[in-house]
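For the sequence shown, the numbering used here begins at 1059 and goes up steadily by one.
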Amino acid sequence: MNLEEYLKNPCGVSSIPYWKAQRINPPPNMRIVHDRVFSKDLFPDYEDTDYFRLFHTLEHINETVLATEFSIDIIPQEKYPYLAELINLSYKHLGIEVDISQIEEWTKTEVYVPQLWLALYSGNKMVGSIIADYDSTAKEGIIEWLQVLPEYRGQGLASVLLNKCLGKMQRIADFVTVSGLRSNITNPESVYRKSGFTGDDIWHILIER
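Structure below.
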């Protein structure tokens, strides 16, 4: 897949962003298949996990108002321990854990942009965050992580974070992509769609038993 092919249909030709697709090869026991050609009967010996992949044109970004008790700021390195704790608490139901060394590795990629790492605070407490990348080759913005602590959900805070980040991306990117686990009980897909993401691409990640 070359860049021209990718840009014609980013979410339909690749399950991951362009910069990753140029560097990552799936392991031998993994198959990645788009839903349009997927059938369980074709992969009886594989465990299937499916992911949505959505697209934002950046032509319109929703206006959202943040309540006065909250604030949003760029995440400095000294806040990485709090960021790791936030991610782990937010994804505890999925068994996802990260540590500070992993977070530091994310900052060493060519797509790292500090201004796209945003934290949401209630007072001095980090209660939400968004981590996004920017690929200057494809001019693609990429949402990697979006999370709000369970006890702060239901207030529209994820949408505020997302729209704030999209506003920053609008200055540099031509479009934004995001993917996520379809079975996630927090239903992240609905948050993205409310903020203007569109598409119906589903990718099946198949692991041989």
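Ideal Cβ placement from N, Cα and C applies to all residues, glycine included.
Ends of the beta strand (DSSP E) at residue i?
i	result
residue 1172	1170 to 1180
residue 1202	1198 to 1206
residue 1264	1256 to 1266
residue 1129	1128 to 1132
residue 1237	1233 to 1239
What first and last residue would you give for the alpha helix (DSSP H) that runs through residue i?
i	result
residue 1190	Counting along the chain, residue 1190 falls outside any alpha helix (DSSP H), though it belongs to the beta strand (DSSP E) covering 1183 to 1193.
residue 1247	1246 to 1252
residue 1217	1215 to 1227
residue 1158	1158 to 1164
residue 1143	1138 to 1148
Quick test of your reading: residue i and residue j, contact by CB under 8 Å. State the CB separation rounded to the nearest angstrom.
i	j	result
residue 1064	residue 1072	6 Å
residue 1172	residue 1132	6 Å
residue 1234	residue 1199	4 Å
residue 1205	residue 1145	6 Å
residue 1138	residue 1162	7 Å
Tell me which same chain residues have a C-beta within less than 7 Å of the C-beta of residue i, skipping the five on either side of it?
i	result
residue 1194	none
residue 1087	1265, 1266
residue 1256	1112, 1113
residue 1150	none
residue 1217	1122, 1249, 1252, 1253
residue 1096	1262
Alpha carbons only, please: which of the options is nearest the one belonging to residue i?
i	options	result
residue 1224	1080, 1115, 1110	1115
residue 1124	1186, 1084, 1237, 1164	1186
residue 1201	1162, 1191, 1249, 1252	1191
residue 1269	1167, 1184, 1231	The structure shown has nothing for residue 1269, since the chain only spans 1059 to 1267.
residue 1219	1243, 1103, 1177, 1075	1177
residue 1143	1135, 1157, 1084	1157
residue 1126	1179, 1099, 1175	1179
residue 1203	1175, 1209, 1137, 1240	1175
Within a Cβ cutoff of 8 Å, which residues of the same chain sit near residue i, ignoring the five residues on either side of it in sequence?
i	result
residue 1016	No information on residue 1016 is available, as it lies outside the stretch 1059 to 1267 that the chain covers here.
residue 1238	1109, 1110, 1246, 1247, 1250
residue 1304	In the structure as shown, the chain starts at 1059 and stops at 1267, and residue 1304 therefore has no counterpart that could be examined.
residue 1093	1108, 1259, 1260, 1261, 1262
Just to confirm my understanding: we take residue i, look at its own chain, exclude 5 residues before and 5 after, and list those with CB closer than 6 Å. What are they?
i	result
residue 1091	1262
residue 1077	1169, 1193
residue 1089	1264
residue 1107	1263
Can you tell me whether residue i sits near the ligand HEM, meaning its C-beta is under 7 Å from at least one heavy atom of the ligand?
i	result
residue 1070	The ligand HEM is absent from the structure shown, which contains no ligand whatsoever.
Quick check on the DSSP output: what are the complete beta strand (DSSP E) runs of length 3 or more inside the stretch 1061 to 1105, in order along the chain? Correct list: 1088 to 1092.
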